[in-house]
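**Q** Under the working numbering, the sequence shown is numbered contiguously, ending at residue 267. Have a look at this one before I ask anything.
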Amino acid sequence: MINMTVGELEKYLNEYLKASEFEDFTFNGINIGKRDWEIKGVITATDYERSLVDVAKNENANVIIVHHGLWWGKPYTITDEVYDDMAYLMKRDVALLSYHLPLDAHPEVGNNAYILGALGIEPDRWQPMDVGFYVDVDITVADIVAKLEKVLGMPKDVWEFGDGNVRRLGVISGAGGSFLGTLLDLGVDTYITGEISYPQWRDFRRYGINVLLYGHYKSETGGPILLSKHIEKQFGIKSQFVDIYERAM
Ligand SMILES: [Fe+2]
């Protein structure tokens with residue numbers, strides 16, 4: 019393990035994940051912590067919650083990296099539950115970093131790269147589509163369900179609004195229902211995402227696009243899993259992904 023500070027890791031991740039290239043509605047990089055802290059170990063997860071700090075302490079880790087960090091939208095006051103969330107980290111000298119859209123879009127360690135990788139589709143065939151990808155394939159909806167079961171479990175819903183054959187597949191993790199226009203422009207016939215709303219469901223039905231929903235959370239576990247492995251391989255820092263909702267879901 020090499021000696022590395024929180025600030026050095028943040029600098030590396032900002033560049034590796036191309037954080038400055040995204041217009042995000044949350045913050046990317048260090049949320050809480052001190053840049054001169056020496057890293058003892060890393061925990062990655064999809065969402066921040068206080069139990070992660072306990073896991074970090076048990077594993078002698080002092081850095082947590084998540085996909086969904088503490089701040090969303092406009093600045094807000096630090097009171098009540100939000101106060102407790104932040105104080106829990108600060109009282110224990112644990113740093114929190116988050117990477118949102120950069121960790122959806124990244125071609126090696128992103129949420130969408132993980133899903134396509136699990137389908138066995140080579141990265142040189144993917145084309146970028148917003149924070150996800152689309153790719154030409156010759157498979158069926160049933161093939162996708164079978165292949166993804168090992169890594170994401172069974173989908174929460176499968177809507178075969180098309181004929182079940184997949185020629186052009188699109189993948190955008192998380193809440194991906196608003197990308198229908200892009201999917202239609204690109205001729206995507208089958209779409210993997212996390213969750214979509216009821217009005218969006220009606221539109222997908224209307225346009226005959228197959229939809230596989232893996233839940234917002236599950237569809238965004240791959241990025242943190244791959245990022246944890248990357249940090250361990252790249253720097254020899256002990257790192258592990260924590261599936262905080264594994265039992266709850
Ligand atoms: Fe998300």
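All C-beta atoms in this analysis are idealised placements derived from N, C-alpha and C, irrespective of residue type, glycine included. It should be emphasised that the depicted structure is a prediction, and the values quoted were computed from it without experimental measurement.
Go ahead and pull the three-state DSSP assignment for ALA193.
**A** Of the three classes helix, strand and coil, the one that applies to ALA193 here is strand, per DSSP.
**Q** ASN32: which of HIS124, LYS168 and GLY205 sits nearest, CA to CA?
**A** ASN32 has its Cα closest to that of HIS124, out of HIS124, LYS168 and GLY205.
**Q** I'd like to confirm something about GLY192: is its beta-carbon nearer than 6 Å to some heavy atom of ligand 1, or not?
**A** Result yes, Cβ under 6 Å from ligand 1.
**Q** With respect to the alpha helix (DSSP H) encompassing MET108, which residues constitute its N-terminal and C-terminal limits?
**A** 98–109 is the extent of the alpha helix (DSSP H) around MET108.
**Q** For LYS236, count the other beta carbons within 10 Å of its own beta carbon; 16 or more makes it buried, fewer makes it exposed. Which is it?
**A** Result: buried.
**Q** For ASP102, I'd like the list of residues in its chain whose CB is within less than 8 Å of its CB, leaving aside the five on either flank, ordered along the chain.
**A** Excluding residues within five positions, the ones whose Cβ falls inside 8 Å are ARG68.
**Q** Within 10 Å of its beta-carbon, does VAL100 have 16 or more other beta-carbons around it, so buried, or fewer, so exposed?
**A** Per the 10 Å Cβ criterion, exposed.
**Q** In chain order, which continuous runs of the alpha helix (DSSP H) of length 4 or greater are located wholly inside the stretch 202–255?
**A** The qualifying runs are 216–225 and 240–253.
**Q** At which residues does the beta strand (DSSP E) containing LEU88 begin and terminate?
**A** It is not in any beta strand (DSSP E) - LEU88 carries neither H nor E in the DSSP assignment.
**Q** Go ahead and label MET172 buried or exposed: buried means 16 or more other beta carbons lie within 10 angstroms of its beta carbon, across all protein chains shown.
**A** When all chains shown are included, MET172 counts as exposed.
**Q** Is any heavy atom of ligand 1 found at a distance shorter than 6 Å from the C-beta of GLU238?
**A** GLU238 Cβ: within cutoff of ligand 1.
**Q** Quick check for students: name the residue ranges of the beta strand (DSSP E) that lie wholly in the stretch 128–202, counting only runs of 3 or more.
**A** Within the stretch 128–202, the complete beta strand (DSSP E) runs of at least 3 residues are 145–147, 150–158, 175–177 and 183–193.
**Q** Going by the beta-carbon positions, is the gap between HIS248 and VAL127 smaller than 7 Å?
**A** Yes; because the gap between Cβ atoms is below 7 Å, this pair is in contact.
**Q** Report buried or exposed for PHE43, applying the criterion of at least 16 other Cβ atoms within 10 angstroms of its Cβ.
**A** Per the 10 Å Cβ criterion, exposed.
**Q** If you draw a straight line from the C-alpha of TYR209 to the C-alpha of ARG110, how long is it?
**A** C-alpha separation (whole angstroms): 42 Å.
**Q** Let me confirm a value: ASP175 is counted as buried when at least 16 other C-beta atoms fall within 10 Å, else exposed. Which label applies?
**A** By the 10 Å Cβ count, ASP175 comes out exposed.
**Q** Hey, VAL189 and ASN130: beta-carbon distance below 7 Å or not?
**A** Contact: yes.
**Q** Taking ALA105 as the reference, give the member of SER116, LEU88 and HIS118 with the closest Cα.
**A** Selected option, being the one with the closest Cα: LEU88.
**Q** What are the start and end residues of the alpha helix (DSSP H) that includes GLY25?
**A** Per DSSP, GLY25 belongs to the alpha helix (DSSP H) from 24–34.
**Q** Going by CA-CA distance only, name the one from TRP55, GLY135, PHE222 and GLY192 that's closest to ASN80.
**A** It is TRP55.
**Q** In whole angstroms, what is the alpha-carbon distance linking THR23 and VAL112?
**A** THR23 and VAL112: Cα-Cα distance of roughly 13 Å.
**Q** Short of 7 Å in beta carbon distance, which residues of its chain neighbour LEU107, apart from the five on each side in sequence? Order them along the chain.
**A** For LEU107, where only same-chain residues beyond five positions count, the Cβ hits under 7 Å are ILE50, VAL71 and LEU114.
**Q** Helix, strand or coil for ASN76? Go by DSSP, reduced to three states.
**A** DSSP places ASN76 in helix when its eight states are reduced to three.
**Q** Rounded to whole angstroms, what is the Cα-Cα separation between VAL260 and THR239?
**A** Taking the straight line from one Cα to the other gives about 9 Å.
**Q** Hey, how far is the Cα of GLN258 from the Cα of TYR66?
**A** Their Cα atoms are separated by approximately 14 Å.
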